[in-house]
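Student:
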Amino acid sequence: MTRHTHQTAPTQFVEANGVRFAYRRFGTPNGVPLVMNIHFTGTMDHWDPAVTDGLAQNREVILFNNAGISSSSGAVPESIEEMAANAAAFVEALGLKQVDVLGFSMGGLIAQQLAITKPQLVRKVILVGTGPRSGEGMVSLTPEAQEIFGASYAQPDDLWLRVHFAPSEASQAAGRGFVERFRQRTENRDPEANDKVAPAQLAALAKWGAPRENPYDYLDALRQPTLVVNGDNDVIIYSINSWILQQHIPNAQLIIYPDANHGSLYQYPERFVAHVDQFLSEADARNA
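So this is what it looks like as structure tokens:
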């Protein structure tokens with residue numbers, strides 16, 4: 000039997016909630032699979048193979064496109080709650096009884112909501128470069144993000160050097176390595192998100208980030224063991240939001256990587272994989 004990798008895993012499809020979800024599964028079927036939720040306008044091909052293949056050494060990894068994204072059918076919902084409901088329907092359509100969930104950036108909002116609404120489905124949670132409802136600077140795109148996404152670039156992938164990486168020479172060098180890796184898959188790549196995706200996702204982000212009374216109280220319902228990870232200077236979702244998550248999720252730990260921006264997991268892929276491996280493999284200290 001062929002053991003697929005990030006580069007070779009075929010795109011498969013499953014129907015749920017009226018949506019034909021595109022997904023890829025690869026790695027070592029061993030215990031609880033890890034379902035990964037990507038960032039704003041991202042597709043399955045925006046993940047770093049160094050991260051996904053690293054994580055797939057000890058478990059099965061499942062990448063997917065939520066409704067209306069790239070090769071999945073349907074429309075992009077304008078709320079995180081609906082996106083999480085779609086994610087739950089996707090996981091259940093695969094016949095999985097329990098999964099670990101990783102969410103990066105906007106995917107981290109979906110992961111939070113999924114863990115709260117489907118506690119029996121989600122065993123552990125990894126939140127990377129993300130934040131809580133009504134988080135600091137989350138009512139709209141940060142000024143830095145608006146400037147980065149609004150700028151012109153000689154090469155389209157240069158955008159990701161500013162979104163995910165810090166300005167330092169070392170961080171930018173790591174960014175160039177990431178761009179090379181995430182372009183290595185040349186066959187059966189996902190189409191880029193169409194022009195309907197960003198407006199719908201921005202509407203969902205605005206609702207999530209809007210001011211509200213006691214905004215962080217909802218996190219008390221996120222009872223799963225949770226690992227929160229970020230760079231020390233995330234300008235897309237400010238790093239302080241990772242601290243807020245750790246302070247309000249009952250069983251959360253926080254790791255901050257140095258000289259790193261939004262894509263800290265891509266700057267330190269080996270370190271990130273090691274931290275996630277340890278977190279997913281250890282018994283919950285509160286229940287041991």
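Each residue of the sequence shown is one higher than the one before, counting from 0 in numbering that gives the first Met the number 0.
A virtual CB, placed ideally from N, CA and C, is assigned to each residue, including glycine.
For clarity, every value in this text was computed on a predicted model and none was experimentally measured.
Pick out the complete alpha helix (DSSP H) segments inside the region 22 to 84, 4 residues or longer, and give them in chain order.
Tutor: 48 to 54
Student: Express the C-alpha separation of Y22 and E135 in angstroms, rounding to a whole number.
Tutor: 33 Å
Student: Put A110 into one of helix, strand or coil per three-state DSSP.
Tutor: helix
Student: Sort I125, T7 and H247 by Cα distance to L101 and report the nearest one.
Tutor: I125
Student: For A287, which residues of its own chain have a beta-carbon under 6 Å away from its beta-carbon, when the five flanking residues on both sides are left out?
Tutor: Summary for A287: the model assigns pLDDT 40, below 50, so the residue's position carries little reliability; its value from the coordinates is reported in the next sentence. Counting only Cβ-Cβ distances below 6 Å, and skipping sequence neighbours, we find nothing.
Student: Would you mind listing the alpha helix (DSSP H) stretches within the region 230 to 261 that are 4+ residues and don't spill past its ends, in chain order?
Tutor: 239 to 247
Student: What are the boundary residues of the alpha helix (DSSP H) that G176 is part of?
Tutor: Counting along the chain, the alpha helix (DSSP H) containing G176 begins and ends at E168 to F181.
Student: Can you give the beta carbon distance from D276 to I255, rounded, assuming they're within the 8 Å contact cut?
Tutor: Wrong, their Cβ atoms sit about 19 Å apart, outside the cutoff.
Student: Drop a sphere of 10 angstroms on the beta-carbon of A128, count the other beta-carbons inside from all chains shown, and report buried for 16 or more, exposed for fewer.
Tutor: It is Gly, not Ala, that sits at residue 128 in the sequence shown. Counting Cβ neighbours within 10 Å, G128 comes out buried, since at least 16 surround it.
Student: Measuring alpha carbon to alpha carbon, tell me which residue in D189, S139, A199 and S71 is nearest V13.
Tutor: S71
Student: If you drop the 5 nearest sequence neighbours on each side, which residues of the same chain put their C-beta closer than 8 Å to that of V50?
Tutor: L264, Y265, P268, F271 and V272
Student: Name the DSSP bridge partner or partners of F278?
Tutor: According to DSSP, F278 bridges with nothing at all.
Student: To the nearest angstrom, report how far apart Q223 and P249 are at their CA atoms.
Tutor: 8 Å
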